[in-house]
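Undergrad: Let me begin by handing over the structure; questions about it come next.
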Amino acid sequence: KLEDPDLSEAEVREAIDKIAEQVRARIPEGETSTVNVLKWMNRVLFDELLFRGNTDDYYCVQNSLLSEVLRRKTGIPISLSVLYMCVAWRLGVRLQGVDMPMHFVLMARDRDGAECRDTFIDVFGGGVLLSMRELEMKMLMMGIEIHVSDVNQARPSYFFVRMLRNLVTVLRPPEGRLSSGIEDENRARKSSLLVLCLAQLVTILKDSAEGSTQFYEEQIDLYRWTGATRLLCP
């Protein structure tokens, strides 16, 4: 809302609904394979609608805002994965988030008779479908060695925590503190959004087991007295 006061949740839902309908229209009747549904999703999202990972401006605030990801058709791994999961859910496919060092992917479980196979989706990489072995090799090319034991499903609260942490990182001023004088409109907006994200992050962390709140509470104390943020965090 601070980024776009006129934004409504209904608009975001409708945009995702529209994408799901575009995919549904292309899936052959009677198709039950999870992997095949994902392939149709990839064709619509990445080949037709041209969504992509933002490698040019990775640390842009808009990359972490779902409404902006939909508008600009670009984002970071976590935000693109959230969009991908929302579309898949509307098509009857349940995906799990997988948190790994320096990256984030999704996992689909496809049952073929008595056999159950896991497929990993690198949404930031264009929806590439990977086996566990292929995922290991991809991460190794990034300089990270992983094993099956490192593949942990992310709880729903983790998505919010990670996105808020990303926002805090990009919104925090490089000098370490905000100006105490009269702020221009852009700085006031960013400082307000920063404190709001910090406050939401602390609330979620206290309600979950995703990490300590001490650092973020200290950050609130640091930034709360700037002119634009007093009303948000008195």
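For the sequence shown, counting from 1, position 29 maps to 29 in UniProt numbering; every step adds exactly one.
No residue lacks a Cβ here, since even glycine has one placed at the ideal position from N, Cα and C.
Using a Cβ-Cβ cut-off of 6 Å (strictly less than) and excluding sequence neighbours within five positions of Leu201, which residues of its own chain qualify?
TA: Locating residue 201 in the sequence shown gives position 201, where the first residue counts as 1. Counting only Cβ-Cβ distances below 6 Å, and skipping sequence neighbours, we find Leu164, Tyr216.
Undergrad: Can you tell me whether Asn54 is helix, strand or coil according to DSSP?
TA: Translated into the one-based positions of the sequence shown, residue 54 becomes position 54. Asn54: coil per DSSP, three-state reduction.
Undergrad: Could you spell out the range, first to last residue, of the beta strand (DSSP E) harbouring Leu95?
TA: As a first step, residue 95 must be located in the sequence shown, where it is residue number 95. Taken as a continuous stretch (DSSP letters only), the beta strand (DSSP E) holding Leu95 covers 95-100.
Undergrad: Can you find at least 3 beta carbon pairs, one from the region 139-147 and one from the region 48-63, that sit closer than 8 Å?
TA: no
Undergrad: Report the three-state DSSP secondary structure of Ala88 (helix, strand or coil).
TA: Translated into positions along the sequence shown, residue 88 becomes position 88. In the structure shown, Ala88 sits in a helix (DSSP, three-state: H, G or I).
Undergrad: Alpha carbons only, please: which of Pro173, Leu198, Val148 is nearest the one belonging to residue 270?
TA: Within the shown structure, residues of the chain are numbered from 1 to 234, placing residue 270 beyond reach of any answer.
Undergrad: Is there contact here, the region 83-91 with the region 31-43, by at least three beta-carbon pairs under 8 Å?
TA: Flag = yes, the region 83-91 and the region 31-43 touch.
Undergrad: For residue 237, name the three-state secondary structure that DSSP assigns.
TA: With the chain covering only 1 through 234, there is no way to say anything about residue 237.
Undergrad: Counting Cβ pairs closer than 8 Å, one from the region 8-27 and one from the region 92-99, do we hit at least three?
TA: no
Undergrad: Opposite Phe104 in the DSSP bridges: which residues?
TA: For the purposes of this step, residue 104 is identified with residue 104 of the sequence shown, where counting begins at 1. DSSP output for Phe104 lists Asp99 as bridge partner(s).
Undergrad: From this set, Ile76, Val44, Arg71, Leu196, which residue's C-alpha is nearest Met102's C-alpha?
TA: Here residue 102 refers to the residue found at position 102 of the sequence shown. That would be Ile76, whose Cα lies nearest to the Cα of Met102.
Undergrad: Comparing C-alpha positions only, which one of Asp4, Ser192, Pro156, Val170 sits nearest to Leu205?
TA: Counting from 1 along the sequence shown, the entry for residue 205 is found at position 205. The residue with the shortest Cα to Cα distance from Leu205 is Pro156.
Undergrad: Looking at the unbroken beta strand (DSSP E) that takes in Ala25, where does it start and where does it end?
TA: Taking the first residue of the sequence shown as 1, we reach residue 25 at position 25. Premise fails: Ala25 is in no beta strand (DSSP E) and is neither H nor E.
Undergrad: With distances taken between CB atoms, is the gap from Leu171 to Lys190 smaller than 8 Å?
TA: Taking the sequence shown and counting its residues from 1, one reaches residue 171 at position 171. Taking the sequence shown and counting its residues from 1, one reaches residue 190 at position 190. In this structure, Lys190 lies closer than 8 Å to Leu171 by Cβ.
Undergrad: Along the beta strand (DSSP E) that carries Leu129, what are the first and last residues, could you check?
TA: The residue labelled residue 129 in the question sits at position 129 within the sequence shown. 128-130 is the extent of the beta strand (DSSP E) around Leu129.
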